[in-house]
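Participant: A single structure is presented below for examination.
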Amino acid sequence: MFDQRNHKQSIVTRVAQALHFVEAETGAVIPSIQPSATYARDDNYEIRKPYWYRRDGSQTTAHAEAIIAELENAESSLLFSSGMSACTAVIEHLPAEAHVVVPKVMYHGVLQQIQKYESNKRIVVSSYQAGNLQELTAVVRMGQTQLVWVETPNNPNWEVTDITAAAEIAHAAGAKLFADCTGTPPCMTKALDLGADISFHSATKYLNGHSDITAGVLSVKKVDQFWEDIVRVRKLQGTVLHSQDAWLLIRGMRTLFLRVEKSCQNAMAIAKHFEGHKYIKAVLYPGLPSDPGYEISKRQTGGQFGGMMSLIIKGTEQNAVDVARFCKLFYPATSLGGVESLIEHRKTVSGEGFPVHPGLLRLSIGIEDPDDLIYDIEQSLSQTFGDA
Ligand SMILES: *Cc1c(COP(=O)(O)O)cnc(C)c1O
């Protein structure tokens, strides 16, 4: 029955209306961009709160942060000029010689950054196979580990880690759990509700969704000393998101739920089509019931499975490069989470030292017609293997 008093607005509505924004003076339903680098003091020479210099943020970045905080059920969210600068703020904040646990296979940029801090002897690093909780338990050091890093699903194998179980393991050792859920944005995975202490997304990807900004966001359930330190790191490193980019992010997020739903549907259709295909050795997609991450993913990604997958092509490494090269619709480009579909030979990008299958192609599925996307890969496979 229609309950007039107890109706709670859906997050879908809140995000579509950018938190029901209306500009007080004009009634405009779209926020303006506040580009000011500095703010004048008042008549008593007091600083007008909350802003006084651009490195603290602006009303435009704060508006985008408020939307993400609602999506994440977070007390606070902080936007950075890239995903990498957000991750770096957390790594930089760690005390000297802190023990950190990371997946063996993860986003290569973050891994490189962690390895740099490790080789400078700033931190001590142990690693575990993504998704493998026994290995995670074995490498965590009681009372010593400061941070456990989870990337789920991980790049580019899309292995799923149980966030709640990983949080229990981290907390038992006295560590915080950091969850990079860029592959499944907060309309699907709410990492803080699942037990993570810090949720991270590269907002360059699904949150913005239009491949026209770089941005990163950290969120926490509770503001504490750790969080205040991170706020200071962002301010002193000068890595706050630009106002113009925050404005594009606000616009992009209005369609988050629609875009992600369509990407997930398209990805499922493509994964099913290519599973068992004569030129494909494996389809790495947690939405396939045959995938080892299927059950956990079903629980932790809201019944959708994401728009990211990888195909391992049969034959040589050059065959895989050719499949990416011969696509006419998929862009042969890096990044993910945009409305346009991308294909990438991952080994070419991550280099020799990174553990990735030489035949692996990473697909970011957009919102195009799924038949067009399937046809494009089929024609490319035919051209590659000479049966066109
Ligand atoms: C892209 C990405 C990052 C880094 O974010 P940028 O916005 O590119 O700096 C970190 N983690 C994952 C999983 C990513 O996909």
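In this text, residue positions in the sequence shown follow our numbering: the first is -8, and each later residue adds one. Cβ coordinates follow ideal geometry from the N, Cα and C atoms, glycine included.
#1: According to DSSP, is V6 helix, strand or coil?
#2: State yes or no: is the C-beta of N123 nearer than 7 Å to some heavy atom of ligand 1?
#3: Candidates V91, M97, N145, G174: which alpha carbon is nearest A161's?
#4: Assess contact between the segment 311 to 323 and the segment 335 to 352, defined as three or more Cβ pairs (one per stretch) separated by less than 8 Å. Is contact present?
#5: Whose CA, out of K226, F265, A89, lies closest to the CA of I368?
#6: Relative to the C-alpha of G357, which candidate in T325, S332, R290, Q295 has its C-alpha closest?
#7: Excluding five sequence neighbours on each side, which residues of the same chain lie with their C-beta closer than 7 Å to the C-beta of A55?
#8: May I ask you to list the residues that DSSP assigns as paired with R353?
#9: Three or more C-beta pairs closer than 8 Å, one from the segment 247 to 257 and one from the segment 101 to 110: is that the case here?
#10: Could you spell out the range, first to last residue, of the beta strand (DSSP E) harbouring L209?
#11: Span of the beta strand (DSSP E) holding H90?
#12: Beta strand (DSSP E) containing F296: first to last residue?
#13: For the beta strand (DSSP E) that contains Q137, what are its first and last residues?
#14: Enumerate in chain order the residues of its own chain whose CB-to-CB distance from F248 is below 8 Å, with the five nearest sequence positions on each side excluded.
#15: Do S301 and L232 count as a contact pair if the criterion is CB distance below 8 Å?
#16: I need the boundaries of the beta strand (DSSP E) containing H192, first residue and last residue.
#17: Relative to the alpha-carbon of E109, which residue among P94, E88, N123 has its alpha-carbon at the smallest distance?
#18: As a quick exercise: from A260, I261, I304, V251, pick the residue whose alpha carbon is nearest that of K272.
#19: Just the C-alpha distance for A28 and R46, rounded to the nearest angstrom, thanks.
#20: From which residue to which residue does the alpha helix (DSSP H) around F317 run?
#21: Going by DSSP in three states, I114 sits in which element: helix, strand or coil?
#22: Which class does L232 belong to by DSSP, given the choice of helix, strand or coil?
#23: With 16 as the cutoff for other CB atoms within 10 Å, does S202 come out buried or exposed?
#24: Please report the residue range of the alpha helix (DSSP H) in which V251 lies.
#25: Could you say which of V222, N35, A187 lies nearest to L138 if we only look at CA atoms?
#26: Note down the Cα distance separating E37 from T17, rounded to an integer number of angstroms.
#27: Out of V141, S23, V93, A77, state which residue places its alpha-carbon closest to the alpha-carbon of S193.
Facilitator: Walking through what the data contain:
#1: helix
#2: no
#3: V91
#4: yes
#5: F265
#6: S332
#7: L70, A237, L240, I241
#8: S301, E335
#9: no
#10: 207 to 211
#11: 89 to 94
#12: Here F296 belongs to no beta strand (DSSP E), and DSSP marks it neither H nor E.
#13: 136 to 142
#14: V3, V6, A7, C178
#15: no
#16: 189 to 193
#17: E88
#18: I304
#19: 8 Å
#20: 308 to 317
#21: strand
#22: coil
#23: buried
#24: 247 to 265
#25: A187
#26: 28 Å
#27: A77
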